[in-house]
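Just below is one structure, and these are the notes that go with it.
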Amino acid sequence: MRYEFAGSYPGQQVRLSFDRCDFQEAGYVLVFAFYQGQLVMTRHQKRGWEIPGGTREQGEWTVQTAIREVYEETGAEVCAIEPIGQYVIEADGVALWIKTIYVAEIAELHPLPAGFETEEVRLFDEPPTPEEVKAGAEYSLILKDDVYAHALERVRGHRFSTR
């Protein structure tokens, strides 16, 4: 499945695919992490509530980035993870970011590591709806494009989410 839509910021276009044949080398990750069937979200000190994610470091595979970012932003220990999609954010026809979307199962929640940008971690029995995210000022602008909506549809009922 492939989708194209406007990005969260003016002038951006997003190409989203859930077909692994479309995947490219990515520099960023977004992780739908579940602990006992509940979605784990983080509250970034500036952006608000969001899904864990971030930038790949030199020498990392994106799966390593995903595991590291989940730990740094939530204190969670990943026990299973798999890629489910990828999206490209473009402006003026130039790819600015390529992000691989993962779904992960959390084995254990540890205290939030110090020194990172996360202020709080919350478990959601029911993930916020795309409408709630788009309308709510408490949610990060990063989640306000249609990536969240399409990816959430894919992770609902996933064996890691059990919902």
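Here the sequence shown stands for residues 1 to 163, numbered as in UniProt numbering. Glycine is no exception: its CB is placed at the ideal position from the N, C-alpha and C atoms. Model, not experiment: these values are computed from the prediction.
Distance between residue j and residue i (C-alpha atoms, nearest Å)
i    : j    : result
F160 : A149 : 18 angstroms
Y71  : F5   : 31 angstroms
V121 : P111 : 10 angstroms
G75  : L109 : 6 angstroms
G53  : F23  : 17 angstroms
Coarse secondary structure for residue i, derived from DSSP in three states
i    : result
T100 : strand
T129 : coil
L123 : strand
I89  : strand
E69  : helix
Q64  : helix
A135 : helix
I81  : strand
R15  : strand
Where residue i falls, given that 16 or more other Cβ within 10 Å makes a residue buried
i    : result
R56  : buried
Q58  : exposed
P127 : buried
T129 : exposed
E25  : exposed
D145 : buried
Residue span of the beta strand (DSSP E) that contains residue i, given as start and end
i    : result
L152 : Taken as a continuous stretch (DSSP letters only), L152 belongs to no beta strand (DSSP E), being part of the alpha helix (DSSP H) at 147–155.
L39  : 38–44
Residue i Cβ short of 7 angstroms to the ligand FMN heavy atom set
i    : result
A107 : For the ligand FMN, the structure offers nothing, since it holds no ligand at all.
- Task: Answer yes if the stretch 33–51 comes into contact with the stretch 9–22, meaning at least three C-beta pairs across the two stretches below 8 angstroms, and no otherwise.
- Result: Below 8 angstroms, too few C-beta pairs join the stretch 9–22 and the stretch 33–51 to call them touching: fewer than three.
- Message: Would you call the stretch 128–145 in contact with the stretch 94–101, where contact means no fewer than 3 C-beta pairs closer than 8 angstroms?
- Response: Contact between the stretch 128–145 and the stretch 94–101 is absent: fewer than three C-beta pairs spanning the two stretches fall below 8 angstroms.
- For the stretch 2–12 and the stretch 79–86, state whether three or more C-beta atom pairs, one from each stretch, are separated by less than 8 angstroms. Not touching, per the Cβ criterion.
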